[in-house]
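*Asks:*
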Amino acid sequence: MTTSTSVGSQQASSEKADAYINTLISLKGDETKYPFPVIEDAKKRIEDVLEIDAKGEDNHVPRDPRLLRLTGAHPFNAEAPLSLLYDTGFLTPAAIHFVRNHGPVPKVQDEEILNWEISIEGMVQNPMVLTLRDLISEFTQYTVPITLVCAGNRRKEQNMVKKGAGFNWGAAGISNSLWTGAMLGDVIRKAKPHRKARFVWMEGADNPANGAYGTCVRLPWVLDPERSIMLAYKQNGCLLEPDHGKPLRVVIPGVIGGRSVKWLKKLIVAETPSTNWYHYFDNKVLPTMVTPEEAKANKEWWKDERYTVYNLNIQSIIVYPENRELMQFKDINSESNETYPVRGFAYNGGGIRVGRVEISLDRGKSWRLAEIDYPEDKYRDAGIFELFGGEVNVCERMSYLCWCFWKIDVKKIELKNAKDIVVRAMDENMCVQPRDMYWNVTSMLNNWWYRVAVQSEENGAIRFEHPVHATKGGNNGGWMDRIKAEGGNILSRTWGEKEGDDNQDENEGGITQAMIDFEMMTNPEKLNIVITKEELSKHSTETDCWFVVNGQVYDGVPYLDEHPGGAQSITLVAGEDATDDFMAIHSDNAKKALAKFHLGALEGSEKTEKAPSNHDSVNLSPTFLEPKKWKKAKLLKREEISPDSRIFSFELEHSEQTSGLPVGQHLFIRYKDSKGLVMRAYTPKSCHRTKGVLEILIKVYFPKGNIPGGRMTMLLENLKIGDHIEVKGPIGEFEYHGYGEFTINKETRKTKSFLMVSGGSGLTPCYQVFKEIVTNPEDSTEVDFYFGNRNKIDILCKEEIDQYVKLKPSTFRVNYVLSSKEAVADQSWKGLTGYIDSGKLDNYAANRKYKDEDFMVLICGPPAMNDGVKEWARRNNVPDKNIFCF
Ligand code: MTE
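Read in UniProt numbering, the sequence shown has 847 at position 847, and its numbers run on one by one without any break.
(1) If you follow the alpha helix (DSSP H) that glutamate 562 is in, where does it begin and where does it stop?
(2) Check whether the Cβ of lysine 262 lies closer than 7 Å to any heavy atom of ligand 1, and answer yes or no.
(3) Could you check where the alpha helix (DSSP H) with arginine 875 kicks off and where it finishes?
(4) For a test of the three-state rule: what should DSSP assign to threonine 140, helix, strand or coil?
(5) Quick one: does the C-beta of leucine 148 sit closer than 7 Å to a heavy atom of ligand 1?
(6) Spatial neighbours of phenylalanine 139 within its chain, please: C-beta separation below 6 Å, excluding the five flanking residues on both sides.
(7) Does the beta-carbon of glycine 258, which I'm using as the reference point, lie nearer than 7 Å to any heavy atom of ligand 2?
(8) When you compare only the Cα positions, how much space is there between phenylalanine 742 and tryptophan 449?
(9) Smallest Cα separation from lysine 830: which of Ile52, His539, Leu148 and Tyr816?
(10) For asparagine 153, which residues from the same chain have a beta carbon less than 7 Å from its beta carbon, with the 5 sequence-adjacent residues on both sides left out?
(11) Rounded C-beta distance between leucine 684 and glutamate 695? I'm assuming under 8 Å.
(12) Along the alpha helix (DSSP H) that carries isoleucine 483, what are the first and last residues, could you check?
(13) Let me confirm a value: methionine 856 is counted as buried when at least 16 other C-beta atoms fall within 10 Å, else exposed. Which label applies?
(14) Below 8 Å, can you find three or more Cβ-Cβ pairs linking the stretch 277-287 to the stretch 429-436?
(15) Return the Cβ separation of glutamate 717 and valine 700 in integer angstroms, given the expectation that the two are a contact with Cβ distance under 8 Å.
(16) Please state whether DSSP places leucine 24 in a helix, a strand or coil.
(17) Quick check on proline 341: buried or exposed, where buried means 16 or more other Cβ atoms within 10 Å of its Cβ?
(18) Can you determine whether any heavy atom of ligand 1 sits closer than 7 Å to the C-beta of asparagine 447, and answer yes or no?
(19) Between Gly350, Gly344 and Ser686, which lies nearest to alanine 370 when the distance is taken from Cα to Cα?
(20) Considering only residues of the same chain and omitting the five flanking positions on each side of alanine 78, which have a CB-CB separation below 7 Å?
(21) Give the single residue among Arg424, Leu445 and Asn313 whose Cα lies nearest to the Cα of alanine 151.
(22) Is aspartate 243 near ligand 1, going by C-beta to nearest heavy atom under 7 Å?
(23) What is the residue span of the beta strand (DSSP E) that asparagine 789 lies within?
(24) Quick check: the Cα distance between phenylalanine 754 and leucine 82, rounded to an integer number of angstroms?
(25) Hey, quick one: how far does the alpha helix (DSSP H) through glutamine 803 stretch, first residue to last?
(26) I think proline 75 touches tyrosine 379, with their Cβ atoms under 8 Å apart; what is that distance to the nearest whole Å?
(27) Mind pulling the alpha helix (DSSP H) runs of 4 or more residues that sit fully within the stretch 674-758?
(28) Checking the sheet assignment: what are the DSSP bridge partners for serine 642?
(29) Do the CB positions of glycine 660 and phenylalanine 624 come within less than 8 Å of each other?
(30) Do you know how far the Cα of asparagine 323 is from the Cα of lysine 330?
(31) Looking at asparagine 126 and ligand 1, is the gap between the Cβ and the nearest heavy atom below 7 Å?
(32) Verify whether the separation of the beta carbon atoms of tryptophan 546 and leucine 599 is less than 8 Å.
(33) According to DSSP, is alanine 197 part of a helix, a strand, or is it coil?
(34) Suppose you measure from the CA of residue 940 to the CA of leucine 858; what does that come to, to the nearest Å?
(35) Can you list, in chain order, the residues of its chain with a C-beta nearer than 6 Å to that of threonine 571? Leave out the 5 residues immediately preceding and following it.
(36) With DSSP as the reference, label cysteine 395 as helix, strand or coil.
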């Protein structure tokens, strides 16, 4: 190890390096080693506890509001907007460093920092307990630039193909800082590991849902200076922020962030990998054919160490052009040489350098080399010097532990003529980013080519689209969302883009999308079996249901229990042609899954005829909806009830006809325009007794800045009176019969009381049920309704709901919850504020003594809200069968 004497001898290069680094970072470092420095400075950086955290368990954790929260209020998981992260440069300030917390952040007072203890135990000759004071004073301190990356980075793209087990990271689950502390290897060496020891287990002081967070890393790596595995107490020269492990954490460069245990308490040297819950059930890349259901049912997959992820894989990401960036061509003609700097970053795992970054403007037929800037090299060139009380010795190793930046100038006119820009990186081992996505159940290490689509706009402009837009919940804003809404195949050779040359392109190779689909969806052994229409019609019941997709017959029975959309979506098409519906909403994985149930080809057609439609026949039936037939409905009226909410009234077939929709169930609406078919489920506002019309309450998602509007809601918004949509139903597993009696999945039960929670336009299913209860004077079922919205103006049907409260004030209680900043600050607002979370529901629980009652929770909101309510209910021992999410 280098000592402070050699630091002196390197003074000249160290001055150069200091000068460089001081311009590189804006934060001031302390120069004293001990006693402990600059707590005040560290605190200054992020001071405020945000409103959203103030009432929760993280109420002691200051956070930067610019971070995008990916999992609602709690636990805190966040990434910076991609361009902010990039623009900030090589070193990411702690304030916008991504955060991944599995549970609440441990509270550690400043005065406890130096006395923080860790134990070193297991297969060592010298088990010991060290304080942070010991760690700093007894071991050489280092300052190392290190990139941390969450294994889930870019997960949202995989979730768009098929929802896996994790939440939606964009591409900014990565950050780079200077970390200061001791080398873990020095500490373990002092404890003298046994010769048979192979792993170092680590455990944190936090206590998330499945016990203390823990995992492990390989012992030989820990002892290898090339790996620079650290016990860090400073980030960018300041004491650790609570979110990043205050007061002490492990930092493992080149390895997924999940192994860098924060709030470190325990190190255990062992012969085998960690047995901690989080080591088994997190941070694995399971084989691609393991479905979420299989992974849940068969725990052996998780215990197989072959699938454990340690090193990161090669990755490159385009930052500029940004998502939704517009490029105008007013003064640019086809001869113009004006260029645009396409740029982004790249990284790799295991200390292996990124060797090249290439972009393609013709979908991978030809590639151009980008310039790479590796700021880590500047530390290497600077020799050995001291920074923030630690020795910087990058020059002593040949490993590459940081991200790098790439750039390439491209003529604007070339961008205009391109369909997309794709980037791929290759490392020094010549491992290259793959063209195809390796979908896996945890959606980890997603590193297929990063593709930015180029869309033509009016006036000859072009607009760039990244794959996804990092946000919690909704999908809006990337090309994957657009392709999905158009019914395209994200994983096809053209990423689902159908227009123009691309079809030709596919035909050139002799392969069409239809051929790819055909191969995926059929069993070669069944292709010669012909099934007659008569035979098909014999299998058209709920328990014996065959259906047709693209002229091939499938048996739906074996899939009834497993189908993620519920058995009903299969039984509704029993004996029918389900081609349009199936192709509109299923991913390639679902298409592949269909091959198992292939029975043969339907007689008489290469392309099966569509199921007969009754659109034109006069129907005198007392109810409108038919579960297996799409029926046309004409738009009669469009009522604006708020700036973005409408009630669309559709005409039924005769004035005495009712919808035929049971209370609490929903229906499908579909509409076809030039871009393809869109289908969504809605619960109407009108009730099952309303005659002659069907009223649907819809919140319109208008385009906002760079984010496009909701596909279906914008189509509805643009309908003209007299236009038709198609409707099918009912569908749904829940039905309310009155007097507390309801059915879920055909099981009839009774309750005395409902807790209903809705968010925004998720009002309608709960509305249906409480309206039925409140408007029946003899139905004494109690209802507590929590209704979350951003602002007062967003509360749908408020006046009507308030009227219902007046009808039954003692048994129908409504809590409006507003979450926008303005609403929270508004003194005149007397209702609840913030997000619907455990705190608010605990209040409800305290008043309701729900444990003694037979009560039901009904939920309909965005995924984060639904998950929060479910988590609360489970924590309060509400049995799963008493929780229903519409
Ligand atoms: N350590 C503890 N004790 N608890 C955690 O929840 N999350 C892990 C890791 N260490 C975690 C932890 C995960 S999954 C990642 S990606 C990194 O911390 C994130 O570190 P950061 O929040 O400082 O960016």
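For every residue, glycine included, the Cβ atom is placed at its ideal position computed from N, Cα and C. Model, not experiment: these values are computed from the prediction.
*Replies:* Here's the rundown:
(1) Here residue 562 is taken as the residue at index 562 of the sequence shown, counted from 1. No alpha helix (DSSP H) holds glutamate 562; DSSP gives it neither H nor E.
(2) Taking the first residue of the sequence shown as 1, we reach residue 262 at position 262. Under cutoff, so the answer is yes.
(3) Looking up residue 875 in the sequence shown gives position 875. First-last of the alpha helix (DSSP H) with arginine 875: 863-875.
(4) Translated into the one-based positions of the sequence shown, residue 140 becomes position 140. In the structure shown, threonine 140 adopts coil according to DSSP, grouped into three states.
(5) Here residue 148 is taken as the residue at index 148 of the sequence shown, counted from 1. Yes, Cβ of leucine 148 sits closer than 7 Å to a heavy atom of ligand 1.
(6) Counting from one through the sequence shown, the residue named residue 139 turns up at place 139. Closer than 6 Å at the Cβ level, and outside the excluded window around phenylalanine 139, lie Ala182 and Asp186.
(7) With respect to small molecules bound, the structure shown includes ligand 1 and not ligand 2.
(8) By one-based count along the sequence shown, residue 742 stands at place 742. By one-based count along the sequence shown, residue 449 stands at place 449. If I take the Cα positions, the gap works out to 49 Å.
(9) Here residue 830 refers to the residue found at position 830 when the sequence shown is read from its first residue. The candidate whose alpha carbon is nearest that of lysine 830 is Tyr816.
(10) On the sequence shown, position 153 is the one that residue 153 refers to. Correct list, in chain order: Trp169, Ala171, Gly173 and Ile174.
(11) As a first step, residue 684 is located in the sequence shown; it is residue number 684 there, counting from the start. As a first step, residue 695 is located in the sequence shown; it is residue number 695 there, counting from the start. In the sequence under discussion, the amino acid at residue 684 is proline, which differs from the leucine named in the question. So it is a contact: roughly 6 Å between Cβ atoms.
(12) Taking the first residue of the sequence shown as 1, we reach residue 483 at position 483. Run containing isoleucine 483: 479-485, per the alpha helix (DSSP H) assignment.
(13) Along the sequence shown, read from residue 1 onward, the residue named residue 856 stands at position 856. The residue is buried, with at least 16 neighbouring Cβ atoms inside 10 Å.
(14) Proximity of the stretch 277-287 to the stretch 429-436 falls short of the contact definition, fewer than three beta-carbon pairs being nearer than 8 Å.
(15) Counting from one through the sequence shown, the residue named residue 717 turns up at place 717. Counting from one through the sequence shown, the residue named residue 700 turns up at place 700. With a Cβ gap of about 5 Å, glutamate 717 and valine 700 count as contacting.
(16) The residue labelled residue 24 in the question sits at position 24 within the sequence shown. Unreliable positioning characterises leucine 24 in this predicted model, as indicated by a pLDDT of 38, which lies under 50. The coordinate reading is nonetheless provided below. Reduced to three states, the DSSP call for leucine 24 is helix.
(17) The count along the sequence shown starts at 1 and reaches residue 341 at position 341. Proline 341 is exposed by the Cβ-count criterion.
(18) As a first step, residue 447 is located in the sequence shown; it is residue number 447 there, counting from the start. Because no heavy atom of ligand 1 lies under 7 Å away, the Cβ of asparagine 447 does not count as near it: no.
(19) Here the question's residue 370 lines up with position 370 in the sequence shown. Selected option, being the one with the closest Cα: Gly344.
(20) In the sequence shown, counting from the first residue as 1, residue 78 sits at position 78. Result list for alanine 78: Leu67, Leu68, Arg69, Leu70, Phe98 and Val99, in chain order.
(21) Indexing the sequence shown from 1 puts residue 151 at position 151. It is Leu445.
(22) Start at 1 with the first residue of the sequence shown, and residue 243 comes out as number 243. Yes; taking the cut-off as 7 Å, the Cβ of aspartate 243 has a heavy atom of ligand 1 nearer than that.
(23) If you number the sequence shown from 1, residue 789 lands on position 789. Its beta strand (DSSP E) spans residues 782-789.
(24) Taking the sequence shown and counting its residues from 1, the one referred to as residue 754 is at position 754. Taking the sequence shown and counting its residues from 1, the one referred to as residue 82 is at position 82. Roughly 42 Å between the two C-alpha positions.
(25) Within the sequence shown, the letter at position 803 stands for residue 803. Taken as a continuous stretch (DSSP letters only), the alpha helix (DSSP H) holding glutamine 803 covers 798-807.
(26) As a working mapping, residue 75 is identified with position 75 in the sequence shown. As a working mapping, residue 379 is identified with position 379 in the sequence shown. About 34 Å; that fails the 8 Å criterion.
(27) 711-717
(28) The count along the sequence shown starts at 1 and reaches residue 642 at position 642. Per DSSP, Ser645.
(29) Indexing the sequence shown from 1 puts residue 660 at position 660. Indexing the sequence shown from 1 puts residue 624 at position 624. Taking 8 Å as the Cβ cut-off, glycine 660 and phenylalanine 624 qualify as a contacting pair.
(30) Along the sequence shown, one-based indexing puts residue 330 at 330. Along the sequence shown, one-based indexing puts residue 323 at 323. The straight-line gap from Cα to Cα measures roughly 21 Å.
(31) Position 126 of the sequence shown, counted from the first residue, corresponds to residue 126. Asparagine 126 Cβ: outside cutoff for every heavy atom of ligand 1.
(32) The count along the sequence shown starts at 1 and reaches residue 546 at position 546. The count along the sequence shown starts at 1 and reaches residue 599 at position 599. Contact flag set, yes.
(33) For the purposes of this step, residue 197 is taken as the residue at position 197 of the sequence shown. In this structure, alanine 197 counts as coil in the three-state DSSP scheme.
(34) Residue 940 is absent from the structure shown; the chain starts at 1 and stops at 886.
(35) Taking the sequence shown and counting its residues from 1, one reaches residue 571 at position 571. Hits under 6 Å: Glu542 and Cys545.
(36) What you label residue 395 is simply residue 395 of the sequence shown in a count that begins at 1. Reduced to three states, the DSSP call for cysteine 395 is helix.
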